[in-house]
Amino acid sequence: MEDSPQGGSSQQQPEPQLLPAPARLLASASQVPQLDWASLLLPRVPGSLHDVGAMSSQQQEMAGASGCSSSTAGDGDGETEAGEKSGGGTKGDKKKTKKKKVSRPRFAFQTRSENDILDDGYRWRKYGQKSVKNSAYPRSYYRCTHHTCNVKKQVQRLARDTSIVVTTYEGVHNHPCEKLMEALSPILKQLQLLSQLQCSTNQLI
DNA sequence: CGGATTTGACCCGCGC
DNA sequence: GCGCGGGTCAAATCCG
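UniProt numbering numbers the first residue of the first sequence as 1 and each following residue consecutively.
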């Protein structure tokens, strides 16, 4: 039990699976968390969801348990979960949307950090916050701001160890990471230059 | 002024 | 069937 299993309470989700120890990251507060960005940023097409390398067997179990079998569309693109929310707009007929049980790849990891929000290179918009049972700290809900991207993440501080922040990602980005591209572009340019240089030197030799 | 955040209300699934 | 807890919506508010 992470915090406490709550005998009677409903556990709708089987507790975000943490990556196995090696993959789990526990960066110290002083250092920038070292994520496995490569795996995070890998574009995963809907078809290939299940052979995600970083996924532990537990996670695959989880993916199966959450009923992904039926929806192959999955993966954030076809969501429209809140597709049309009854035009009315009055409080009365608010939210008639049915949440379909979407199964998207989810993975959680812990970071030891003072600030809840770790900069993963994507832009997130907060859309909710809930107090969680048996936890003094609320859980925050974020959504990727990219138009076509439907990735969500939850951020929550552990009640047991308040220096640890648990971030749960749901879905995969279908667009490149802005910051990463920004950071990578000069490197790519240099690589191009180097390769050109190498070509010309080879010709000279 | 536009986008992001806050926050209370609503909806839904699950256990009893 | 009811209550609880989690997830989401959307109006209000904040901020650059």
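All residues carry an ideal CB built from backbone N, CA and C; glycine is no exception. Bear in mind the structure is a predicted one, so any value in this text is a computation, not a measurement.
The beta strand (DSSP E) that contains residue i, what's its start and end?
| i | result |
| --- | --- |
| P105 | Careful: P105 lies outside any beta strand (DSSP E) and carries neither H nor E. |
| R160 | Unbroken run through R160: none, as it is neither H nor E. |
| P138 | 138-144 |
| S131 | 124-131 |
Got a sec? Which residues, its chain only, sit under 6 Å from residue i by beta carbon, not counting five neighbours each side?
| i | result |
| --- | --- |
| Q156 | R139, V166 |
| H146 | H175 |
| V132 | R139 |
| G83 | Caution applies to G83, whose pLDDT of 35 falls short of 50 and renders its modelled position unreliable; the model cannot decide the point. |
| R125 | R143, T145 |
| L184 | none |
| L188 | none |
| H50 | In this prediction, H50 has a pLDDT of 38, which is less than 50 and means its spatial position is unreliable; nothing more can be read from the coordinates. |
| N202 | none |
| S200 | none |
Is the beta carbon of residue j closer than 9 Å to that of residue i?
| i | j | result |
| --- | --- | --- |
| Q198 | L158 | no |
| Y141 | K130 | yes |
| S195 | S163 | no |
With a CB to CB cut of under 7 Å and the five nearest residues on each side skipped, what residues in its chain are close to residue i?
| i | result |
| --- | --- |
| G128 | Y141 |
| Q190 | none |
Leaving out five residues on either side along the sequence, give the residues of the same chain with a beta carbon under 8 Å from the beta carbon of residue i.
| i | result |
| --- | --- |
| Q192 | none |
* To do: Flag this pair as touching only if the stretch 165-176 and the stretch 144-151 have three or more C-beta atom pairs under 8 Å; answer yes or no.
  => Yes, since at least three Cβ pairs between the stretch 165-176 and the stretch 144-151 fall closer than 8 Å, the two stretches touch.
* Is the stretch 128-136 close to the stretch 109-120, with three or more CB pairs under 8 Å? -> The answer is no - the stretch 109-120 does not touch the stretch 128-136, with fewer than three Cβ pairs under 8 Å.
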